[in-house]
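Each residue of the sequence shown is one higher than the one before, counting from 154 in the numbering used here. First comes the structure, then the notes that go with it.
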Amino acid sequence: MKKWCKRTLGLWLCMMLVMLGLAGSTVFAGPTNGTIKVTGVTEGKTYSIYKILDLTYTGSGANKQVSYTIAPEWVDFFTTGNGVPYLVASDPTGTLNQIMVGGVVKYLNITAANVAEFSRVATGEISKTTIPRKGTQVCPTGATEITFTGLELGYYLVHPE
154 MKKWCKRTLG LWLCMMLVML GLAGSTVFAG PTNGTIKVTG VTEGKTYSIY KILDLTYTGS
214 GANKQVSYTI APEWVDFFTT GNGVPYLVAS DPTGTLNQIM VGGVVKYLNI TAANVAEFSR
274 VATGEISKTT IPRKGTQVCP TGATEITFTG LELGYYLVHP E
């Protein structure tokens, strides 16, 4: 049962990660910072949040554009580590988010089909490196959700400790 709960929560967190990337303008509270609400939490459990990608807006109105860069502590993961398969040189389907890596345009290959695997791989990275948390909360007694606020825009991984 415990294993099933961890897998289910992990999958849910992965989907949150994808939704943050694909629908950033609807998830974030403002142009420079945002909020992530985590539901289905367990009383007394600690949840940590890790920023994987930075997001910036340029332009305004109809010319407003989003760009992504890898958060500095995740560069090795994506360029030489287990995250390499999630950056690709082309996007034949036109559905992937563009990202600049070392001045080269690449595409972030995190989709509904592979987000659970990406989450597993990224979680493995935080357990073996010193990637800093961007926030930690313990779920209070009686709570059904926790909220991380004041977050810089980007892709985040929420991890139950």
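All C-beta atoms, glycine included, are put in the ideal place defined by N, C-alpha and C.
Tell me whether Lys281 sits in a helix, a strand or coil according to DSSP, three-state version. helix
Count the other C-beta atoms from every protein chain shown that fall within 10 angstroms of the C-beta of Asn186, then say buried if there are 16 or more, exposed otherwise. exposed
Could you pull out every unbroken alpha helix (DSSP H) segment of at least 4 residues lying fully inside the region 181 to 257, listed in chain order? As far as the region 181 to 257 is concerned, its whole alpha helix (DSSP H) runs of at least 4 residues are 228 to 232.
Presumed contact (8 angstroms Cβ cut-off) between Ala265 and Glu196, rounded CB distance: Contact check for Ala265 and Glu196: beta-carbon distance about 30 angstroms, past the 8 angstroms limit, so the pair fails to qualify.
If the criterion is Cβ atoms closer than 8 angstroms, does the pair Thr192 and Glu314 meet it? no
Per-residue DSSP class, three states only, for Pro305: Correcting the residue type first, residue 305 is Glu in the shown sequence and not Pro. Looking at Glu305 - three-state DSSP - the assignment turns out to be strand.
Between the Cα of Lys221 and those of Arg286, Lys204 and Thr188, spot the shortest distance and give me the residue it belongs to. Note that residue 221 is Tyr in the sequence shown, not Lys. With distances taken between Cα atoms, Tyr221 lies closest to Lys204.
Contact set for Leu208: own chain, Cβ-Cβ below 7 angstroms, skip 5 residues either direction: Gly177, Val219, Tyr221, Leu306 and Gly307
State the Cα-Cα distance for the pair Thr294 and Asp244, rounded to the nearest angstrom. 46 angstroms
DSSP on Glu298, reduced to helix/strand/coil? Glu298 sits in a strand when the DSSP states are folded into three classes.
Nearest-angstrom beta carbon gap, Phe301 and Ile189 [assumed within contact, 8 angstroms]: 5 angstroms
From the DSSP secondary-structure annotation, give me the bridge partner or partners of Pro313. Tyr200
Can you name the residues that DSSP bridges to Lys259? Ile252
Going by C-alpha to C-alpha distance, which of Thr199, Asn267 and Val291 sits closest to Ala238? In the sequence under discussion, the amino acid at residue 238 is Pro, which differs from the Ala named in the question. In this structure, Asn267 is the residue among Thr199, Asn267 and Val291 with its C-alpha nearest to the C-alpha of Pro238.
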